[in-house]
Amino acid sequence: MTYEGPNAVPSRRNSPSSRVAARLIGLGSWLPSRVVTNADLSLTLDTSDEWIRTRIGIATRRMADRDTATSDMAVEAGSLAMKSAEVAHVDAMVLATATPDHTVPSTAPVVAHRLGLPCVPAFDVGAGCSGFLYATTVAAGLIHSATARTVLVIGAETMSAIINPTDRTTAPIFGDGAGAVVLTAGRAEDAGALGPVAWGSDGEHTDAICIPDGGSRRPPARPTADDNGRYVHMQGSEVFRHAVRRMSQAAKDAASATGWGTDDIDRLIVHQANARIGAAVADALGIPPERVPSNIAHVANTSAASIPLLLTHAAAEGQLTAGNRVLMACFGAGFTWAASTLTWPENLKPFAGNGPALSGDRQGHVDRPGVSTDLEGGLS
Ligand code: COA
84 MTYEGPNAVP SRRNSPSSRV AARLIGLGSW LPSRVVTNAD LSLTLDTSDE WIRTRIGIAT
144 RRMADRDTAT SDMAVEAGSL AMKSAEVAHV DAMVLATATP DHTVPSTAPV VAHRLGLPCV
204 PAFDVGAGCS GFLYATTVAA GLIHSATART VLVIGAETMS AIINPTDRTT APIFGDGAGA
264 VVLTAGRAED AGALGPVAWG SDGEHTDAIC IPDGGSRRPP ARPTADDNGR YVHMQGSEVF
324 RHAVRRMSQA AKDAASATGW GTDDIDRLIV HQANARIGAA VADALGIPPE RVPSNIAHVA
384 NTSAASIPLL LTHAAAEGQL TAGNRVLMAC FGAGFTWAAS TLTWPENLKP FAGNGPALSG
444 DRQGHVDRPG VSTDLEGGLS
């Protein structure tokens, strides 16, 4: 280990190059077809298209209809990822979600069942918007330990089910969707192999993004005076500050552990929380906007689905190509955060169900906030 910072991770440089690693071989995503514009939201909310575009970077989001739950979108994305990988079977399935179909049971088993994967071990991972990289890290661990050879990892969210449509501080931000990858055993030096992970959590900020009611702290059997507690409550500027700081540091740690400096990073894939957050993370790492693909303008913040949706859309648009060195970073409720690296593999065919075209949208189009990050041991 060469770095002793808060997200210290084993360095790829000091690891035996032939060790087993989780390699990306399949990529798919799916979006509900209903498009909700900022103008649509302005009909019932005290907000405007201009405010949402300049402060968050979002123009439209997709919303599931009432009959569509998280498992439905997860099945679509998972099926496309398996088609992309050309596999009919996996050894395990991990679903990252903050919006399971039910509190009990977890949603992964029904997704596995509907994908034709009977009796496959399947479980949910809950880490808010960091869920996808938490889930790939768990899947990589299963592969490293030879517990599984091939794992399907899905991030899927029905954020519209937990957002108060009358709350202008949250309603414009979130959208619904799902993305998925297939990981299989390979070697650390293979293109597509997941690199070191920098991850962490800080439960001191548990209230900063929280659904107060419906869990064991305030069970549904003991409702509060109104039903507002069943929706997401968020301290926006507090979340903004921590998101920039934590993602920047974790991304820096993951890059350093991989042996990459700023110039080595061809693409930064940052959780699509707010375009200004992405811009601030890119600025903190010294990565120019043209190396930062974005789809937030079209899909909003899809929480645990955000990273695989962006990977699929960017690859489908030719913004991720073989040999690109990719740095991924995410942040979410908890707080939680994670970052990791990979070199984009050859012959990976992404399947993006229901679009969208990114139309050249990049994160440089919004106000750049200039948030101080005080990175420990900045990237060279
Ligand atoms: N439309 C119009 N005005 C709005 C608004 C909206 N949708 N939401 C807030 N405002 C107003 C506020 O009331 C405030 O008005 P005031 O100055 O008269 O009091 C003003 O805009 C500024 O509010 P502020 O909260 O400081 O705005 P902001 O620039 O911090 O943006 C967020 C608010 C929520 C968009 C921003 O803080 C954010 O994106 N935070 C991170 C959220 C996130 O990514 N969550 C998921 C993490 S995984």
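In our numbering, the protein residues as written are 84 to 463.
All C-beta atoms in this analysis are idealised placements derived from N, C-alpha and C, irrespective of residue type, glycine included.
In this text, all values refer to a predicted model and were calculated from it rather than measured experimentally.
C-beta atoms of residue i and residue j nearer than 9 Å
{"i": "Ala263", "j": "Leu107", "result": "no"}
{"i": "Ser213", "j": "Ala421", "result": "yes"}
{"i": "Gly344", "j": "Ala338", "result": "yes"}
{"i": "Gly406", "j": "Ala274", "result": "yes"}
{"i": "Leu410", "j": "Leu351", "result": "yes"}
{"i": "Gly278", "j": "Thr341", "result": "yes"}
{"i": "Pro204", "j": "Ala175", "result": "yes"}
{"i": "Val193", "j": "Thr219", "result": "no"}
{"i": "Arg408", "j": "Thr426", "result": "yes"}
{"i": "Gly415", "j": "Ile292", "result": "yes"}
{"i": "Val170", "j": "Ala231", "result": "no"}
{"i": "Thr419", "j": "Gly211", "result": "yes"}
{"i": "Ile348", "j": "Arg374", "result": "yes"}
{"i": "Asn437", "j": "Pro115", "result": "yes"}
{"i": "Asn357", "j": "Arg197", "result": "no"}
{"i": "Thr233", "j": "Val280", "result": "no"}
As assigned by DSSP and simplified to three states, the class of residue i
{"i": "Val170", "result": "coil"}
{"i": "Thr151", "result": "coil"}
{"i": "Ile256", "result": "coil"}
{"i": "Glu373", "result": "helix"}
{"i": "Arg138", "result": "helix"}
{"i": "Asp207", "result": "strand"}
{"i": "Val194", "result": "helix"}
{"i": "Thr341", "result": "helix"}
{"i": "Val315", "result": "coil"}
{"i": "Ala405", "result": "coil"}
{"i": "Gly283", "result": "strand"}
{"i": "Leu200", "result": "coil"}
{"i": "Met411", "result": "strand"}
{"i": "Ile352", "result": "strand"}
{"i": "Arg300", "result": "coil"}
{"i": "Asn97", "result": "With a pLDDT of only 44 at Asn97, under 50, the local geometry of the prediction cannot be trusted, and the value read off the model is given with reservation. Helix at Asn97."}
Beta-carbon contacts of residue i that lie in its chain and below 7 Å, excluding the five residues immediately before and after
{"i": "Ala412", "result": "Met330, Ala333, Ala334, Val353, His354, Val364, Ala422"}
{"i": "Leu458", "result": "Ser331, Gln332, Lys335, Ala367"}
{"i": "Val118", "result": "Thr143, Arg145"}
{"i": "Ser284", "result": "Gly417, Phe418, Thr419"}
{"i": "Gly286", "result": "Gly417"}
Cut-off 6 Å between Cβ atoms - residues of its own chain near residue i, not counting five sequence neighbours on either side
{"i": "Val103", "result": "His227, Ala268"}
{"i": "Ala239", "result": "Thr153, Met156, Ala157, Thr180, Ala261, Ala388"}
{"i": "Ala399", "result": "Pro433, Ala435"}
{"i": "Glu87", "result": "The predicted position of Glu87 is uncertain, since its pLDDT is 40 and thus under 50; no value can be drawn from it."}
{"i": "Asp184", "result": "Ala152, Thr153, Ser154, Thr190"}
{"i": "Pro303", "result": "Gly297"}
{"i": "Gly224", "result": "none"}
{"i": "Ser299", "result": "none"}
{"i": "Gln402", "result": "Pro376"}
Assumed close pair residue i, residue j - CB separation to whole angstroms, cut-off 8 Å
{"i": "Thr143", "j": "Thr182", "result": "About 20 Å; that fails the 8 Å criterion."}
{"i": "Trp282", "j": "Leu216", "result": "7 Å"}
{"i": "Ile141", "j": "Pro255", "result": "6 Å"}
{"i": "Ala383", "j": "Phe257", "result": "6 Å"}
Close beta carbons around residue i, own chain, < 8 Å, minus the five adjacent residues each side
{"i": "Lys166", "result": "Gly109, Gly111, Phe434"}
{"i": "Val221", "result": "Val177, Val208"}
{"i": "Asn430", "result": "Ala405"}
{"i": "Ser125", "result": "Ser131, Asp132"}
{"i": "Thr252", "result": "Met317, Gly319"}
{"i": "Thr120", "result": "Asp132, Ala142, Thr143"}
{"i": "Ile294", "result": "Ile245, Gly312, Arg313, Tyr314, Val315, His316"}
{"i": "Asp148", "result": "Pro115, Arg117"}
Chain B contact for residue i (CB, 9 Å cutoff)
{"i": "Ile139", "result": "Structure shown: chain B not included; a single protein chain is present."}
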